[in-house]
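Enquirer: Residue numbers for the sequence shown follow full-length UniProt numbering, so the first one is 1 and each next one is one higher.
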Amino acid sequence: MKPARTVTHIEVPYTWSNVINGEWVAELLQARLDEWCPKLFGYHMLKLGGLSAELTSSHCNIQHQISVDKFSPKRTIVADALELPFIEKSFDACLLMHQLDYAADPHGLLREIDRVMVDDGYLVLSGNNPLSLLGLRGLLPWNRRQAPWIGKMYLPFRINDWLRLLNYEVVYQETFAIVPATRHLACAAWLEHVLSEPLSAVGSLYFIVARKRTCPLKLIKPTWKLRRQLAPVRINCRTQAEKTCTKTSSRS
Numbered sequence: 001m002k003p004a005r006t007v008t009h010i011e012v013p014y015t016w017s018n019v020i021n022g023e024w025v026a027e028l029l030q031a032r033l034d035e036w037c038p039k040l041f042g043y044h045m046l047k048l049g050g051l052s053a054e055l056t057s058s059h060c061n062i063q064h065q066i067s068v069d070k071f072s073p074k075r076t077i078v079a080d081a082l083e084l085p086f087i088e089k090s091f092d093a094c095l096l097m098h099q100l101d102y103a104a105d106p107h108g109l110l111r112e113i114d115r116v117m118v119d120d121g122y123l124v125l126s127g128n129n130p131l132s133l134l135g136l137r138g139l140l141p142w143n144r145r146q147a148p149w150i151g152k153m154y155l156p157f158r159i160n161d162w163l164r165l166l167n168y169e170v171v172y173q174e175t176f177a178i179v180p181a182t183r184h185l186a187c188a189a190w191l192e193h194v195l196s197e198p199l200s201a202v203g204s205l206y207f208i209v210a211r212k213r214t215c216p217l218k219l220i221k222p223t224w225k226l227r228r229q230l231a232p233v234r235i236n237c238r239t240q241a242e243k244t245c246t247k248t249s250s251r252s
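Following this line, the structure appears as structure tokens:
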């Protein structure tokens, strides 16, 4: 397994129009956000990256929303995602749409998000699945200089491992978009419905909702061992005497 951190410069797309079939991907993610946004509560929401900023979260109960990016015209604050200008535990929810794929240090990005997240806050993230038709297209040399293949794709279970290390509980996960974008929408929708159950693991996109926990997710069992000790046994003297007399009479 290749290390996640890289020193190679990755050009991060700040709008979905810079990604191949980006508008199609944004539409699929927006449908899932519309379902989850009403379930998020709190006072402050953080949107990291231009791709997150372009998605609508108007259905969310969190009214104060801040978008952080360097180049997106929809940003509200210009800052580096690895050095957020906020104090600890400032946000109740965070949207991280397709940002880990283009991060030079995805571990550091998640740690920085964890720093500004309140306890029991929600992290909603998405990305590209390398174990898919979309991921296989990245093997073609002429695609490697375009988004999304210019970045690094990570398997969903690897993202889950990173989240568990930070004590996040994955409350929802979905892998979808098995059929690539096509003009034949009706046929694609039918194939997606038929293949969603047997081939869900090879979907092009993943959508994860995780919650920050304050206690360990796995209980540690104590290693106490009781020592064996000799304990006296109480004997009824009368019963013992009757047994002795019975044995003596039987011998005579």
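We put the CB at the ideal spot given by N, CA and C, even for glycine.
1) Can we say the segment 112 to 122 touches the segment 41 to 49, given the rule of at least three CB pairs closer than 8 Å?
2) Below 8 Å, how does it come out for the segment 51 to 58 and the segment 33 to 41: are there three or more Cβ pairs, yes or no?
3) Hey, is the segment 74 to 82 in contact with the segment 24 to 33, meaning 3+ C-beta pairs nearer than 8 Å?
4) Hey, which unbroken runs of the beta strand (DSSP E) at 3 residues or more fall wholly within the segment 60 to 145?
5) What is the residue span of the beta strand (DSSP E) that Glu174 lies within?
6) From this set, Arg145, Arg137, Phe157 and His64, which residue's C-alpha is nearest Tyr102's C-alpha?
7) Identify, in the order they occur along the chain, each residue of the same chain with its Cβ nearer than 7 Å to the Cβ of Ala177, setting aside the five sequence neighbours on each side.
8) When the Cα of Val19 is compared with those of Pro3, Arg164 and Asn128, which residue comes out closest?
9) Report yes if the CB atom of Asn160 is closer than 7 Å to the CB atom of Val171, and no otherwise.
10) What is the C-beta distance between Ile62 and Asp92, in whole angstroms, given that I count them as a contact (C-beta under 8 Å)?
11) From Gly50, His64 and Phe86, pick the residue whose C-alpha is nearest to that of Lys74; which is it?
12) For Glu54, decide whether its Cβ has a neighbour in chain C, counting only Cβ atoms nearer than 7 Å.
13) Starting from Phe157, follow the alpha helix (DSSP H) in both directions and report where the run begins and ends.
14) Measuring alpha carbon to alpha carbon, tell me which of Ala104, Asp119 and Gly108 ends up nearest Glu88.
15) Can you tell me which of the three DSSP states Val209 falls into?
Expert: Working from what's here:
1) yes
2) yes
3) no
4) 64 to 68, 91 to 97 and 117 to 128
5) As a position in the sequence shown, residue 174 is number 174, starting the count at 1. It spans Tyr168 to Phe176 - the beta strand (DSSP E) in which Glu174 sits, taken as one unbroken run.
6) Locating residue 102 in the sequence shown gives position 102, where the first residue counts as 1. Nearest option by C-alpha distance: Arg145.
7) Counting from 1 along the sequence shown, the entry for residue 177 is found at position 177. Within the same chain, Ala177 has close Cβ partners Leu28, Gly203, Ser204 and Leu205.
8) For the purposes of this step, residue 19 is taken as the residue at position 19 of the sequence shown. Among Pro3, Arg164 and Asn128, the Cα nearest to that of Val19 belongs to Asn128.
9) By 1-based counting over the sequence shown, the position of residue 160 is 160. By 1-based counting over the sequence shown, the position of residue 171 is 171. Contact: no.
10) Your numbering for residue 62 matches position 62 in the sequence shown. Your numbering for residue 92 matches position 92 in the sequence shown. Confirmed, about 6 Å.
11) Translated into positions along the sequence shown, residue 74 becomes position 74. For Lys74, the nearest C-alpha among the options comes from Gly50.
12) Going by chain labels, chain C is absent from the structure shown, which holds only one protein chain.
13) Here the question's residue 157 lines up with position 157 in the sequence shown. Start and end: Pro156 to Leu165.
14) Locating residue 88 in the sequence shown gives position 88, where the first residue counts as 1. Among Ala104, Asp119 and Gly108, the Cα nearest to that of Glu88 belongs to Asp119.
15) By 1-based counting over the sequence shown, the position of residue 209 is 209. Looking at Val209 - three-state DSSP - the assignment turns out to be strand.
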